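Here is the structure we will look at, set down as structure tokens.
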Amino acid sequence: MRETDERLQKVWDLVDRDELVRLTRELVRIPSVYRPEDAAGNEEGAARFVAEYLEGAGFEVRVEEVAPGRPNVWAVWEGGLPGKTLLFEAHTDVVTEGAAEDWEHPPFAAERAGGRIYGRGACDTKGNLAAALLAVRAIKDSGVPFAGRLILCHPVDEEGMMAGIKAFIRGGHADGVDAAVICEPEENRICVEQKGAMRVEVTVRGRMAHGAMPLSGVNPVTRAARFVVEVEELEREEMERHGEHPFLGYPSLTPTIFMGPDCGEAQINVVPASAYVALDVRTTPAQSHEELVGKLEGILSRLSSRDPDFDATLEVIEERPPTETPRDEPLVGAMDLAYRHLTGREPRYDGVPGATDGTFLHAWAGVPIVTTGAGDREIPHHKDEWVDEDELLAACKLYAATAMYYAYGKD
1 MRETDERLQK VWDLVDRDEL VRLTRELVRI PSVYRPEDAA GNEEGAARFV AEYLEGAGFE
61 VRVEEVAPGR PNVWAVWEGG LPGKTLLFEA HTDVVTEGAA EDWEHPPFAA ERAGGRIYGR
121 GACDTKGNLA AALLAVRAIK DSGVPFAGRL ILCHPVDEEG MMAGIKAFIR GGHADGVDAA
181 VICEPEENRI CVEQKGAMRV EVTVRGRMAH GAMPLSGVNP VTRAARFVVE VEELEREEME
241 RHGEHPFLGY PSLTPTIFMG PDCGEAQINV VPASAYVALD VRTTPAQSHE ELVGKLEGIL
301 SRLSSRDPDF DATLEVIEER PPTETPRDEP LVGAMDLAYR HLTGREPRYD GVPGATDGTF
361 LHAWAGVPIV TTGAGDREIP HHKDEWVDED ELLAACKLYA ATAMYYAYGK D
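Numbering (the UniProt record's numbering), first residue to last: 1 to 411.
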């Protein structure tokens, strides 16, 4: 066994499965769902837990509020020898649990069954957050020589507008980072590409009227529905034009919210004054966001030309470019070596079907990223979300090995 592998074994010897399970369950029990109407409905509890854990482990920890009650947490560890800076990123927020009574395992009980941990965020991505914490701690506590610097970055709002990672970058905290591992549920595949995304809002204006006398007003609901049907056809055209990307699959334009009125109280016997449609657009690298927006605006223009009462506006409220990390990037090579050493098998390369905080680390800060972690890719945001304990342990060891090979290579 070569020198790096010998050092790595000392690190792996400190990766404790029971501690990984305990830490994951503690994090899952903290309901870090952002709920603006709830003063306690945010990521603060999870962030403070992470900060206290890292402080107790001897890390230099920083906490910075992005918004009231919504703090980013990050920790820096200097290896003692000159080298590159590698960042591990895992967000602290989780999506809503929905109707808790629909869950077989309570969403925040962190129950164990059949070698799995159940609960909201177990897969996306508190298990991987715990794995990153333990991986970096094992390197620090092992006492092996380490060339470089490791950063653990745990921002808020990844499931929303990614305000946390944006604030981290704007604050200059990503300056000097050479590469980043994005800790997300990807079945421990090496994901080197990500879809792009746009979030689009369309407001259709009508004229309020009595539901018994609809002709005395202008119904924005039916007009918004025509737009949705046209979007479905545009999606088919884009899928046929660009085909299935080998890592990212098909592009999509998905209506996710349809409301009438766009604000205020709805009533069944009232034609509303407005309707609102939200689109979640996911793109592959061959697509142009500018061109897609033009096509959506073209739909509105055509509908308006056919109907003088059709009045609508479109706004892109968020845009995230697709990302790609070349195979010759040192981080990719390090993770490839790490996976082979850990499993004895060739790694599977893939892409991320959605955007991550890594999107902005790459696009805004110019940081090469690779995304990987434990968890079935289709489980996030489902009821009875779970993560496999064996796979989670493998992710923790993969993170540690990636950091070691990134620092030293295969000497």
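All C-beta atoms, glycine included, are put in the ideal place defined by N, C-alpha and C. The structure presented is a predicted model; accordingly, all values stated were derived computationally and were not measured.
- Three or more pairs of CB atoms, one per stretch, sit closer than 8 Å, so the stretch 371-380 contacts the stretch 121-138.
- In summary, R306 is exposed, with fewer than 16 beta-carbon neighbours lying within 10 Å of its beta-carbon over all protein chains present.
- Taking each of E230, H91, R35 and T85 in turn and checking the Cα distance to A47, the smallest one comes out for H91.
- Contact check between the stretch 317-331 and the stretch 278-286: three or more CB pairs, one atom from each, fall below 8 Å, which counts as touching.
- Residue pairing from DSSP places E318 in a beta bridge opposite R199.
- N219 carries a coil assignment under DSSP once its states are collapsed to helix, strand and coil.
- The criterion of a C-beta distance shorter than 8 Å is satisfied by F310 and R223.
- At a Cβ-Cβ threshold of 8 Å, A407 and F146 count as neighbours.
- As computed with DSSP, M259 is found in a beta bridge with Y276.
- With a threshold of 16 other beta carbon atoms within 10 Å, E391 meets it and is buried.
- When rounded, the separation of the alpha-carbon atoms in R207 and V28 is 47 Å.
- Two segments are said to touch when three or more pairs of C-beta atoms, one from each, lie closer than 8 Å; by this definition the stretch 134-152 touches the stretch 78-93.
- Linking E159 to G211 through their CA atoms gives a straight-line distance of about 38 Å.
- Beta-bridge annotation (DSSP): A209 is paired with V271.
- One Cα belongs to M213, the other to P261, and the distance between them is close to 18 Å.
- Annotation: A138 is outside any beta strand (DSSP E); the continuous alpha helix (DSSP H) that includes it extends over G127 to S142.
- Your pair L134 and L20 checks out as a contact, with CB atoms roughly 5 Å apart and the cut at 8 Å.
- Around the Cβ of I117, a 10 Å sphere holds 16 or more other Cβ atoms; the residue is buried.
- For D350, the enclosing beta strand (DSSP E) has its first and last residue at Y349 to V352.
- Here A67 is near A163, since their CB atoms are less than 8 Å apart.
- Relative to the Cα of G69, the nearest Cα in the group C396, G358 and G45 belongs to G45.
- Contact annotation: V95 and V33 have beta-carbon atoms nearer than 8 Å.
- Residue pairing for N188: DSSP places it in no beta bridge.
- The three-state reading of DSSP puts S32 in coil, since its state is none of H, G, I, E or B.
- Rounded to whole angstroms, I379 and V202 show a C-alpha spacing of 30 Å.
- The Cβ atoms of Y399 and V181 sit closer than 8 Å to each other.
- Here W74 carries a strand assignment [DSSP, helix/strand/coil].
- When DSSP assignments are scanned along the stretch 324-371, the uninterrupted stretches of alpha helix (DSSP H) that are 4 or more residues long and fall wholly within it turn out to be 330-343 and 358-363.
- Three or more Cβ pairs drawn from the stretch 352-362 and the stretch 320-340 lie within less than 8 Å of each other, which places the two stretches in contact.
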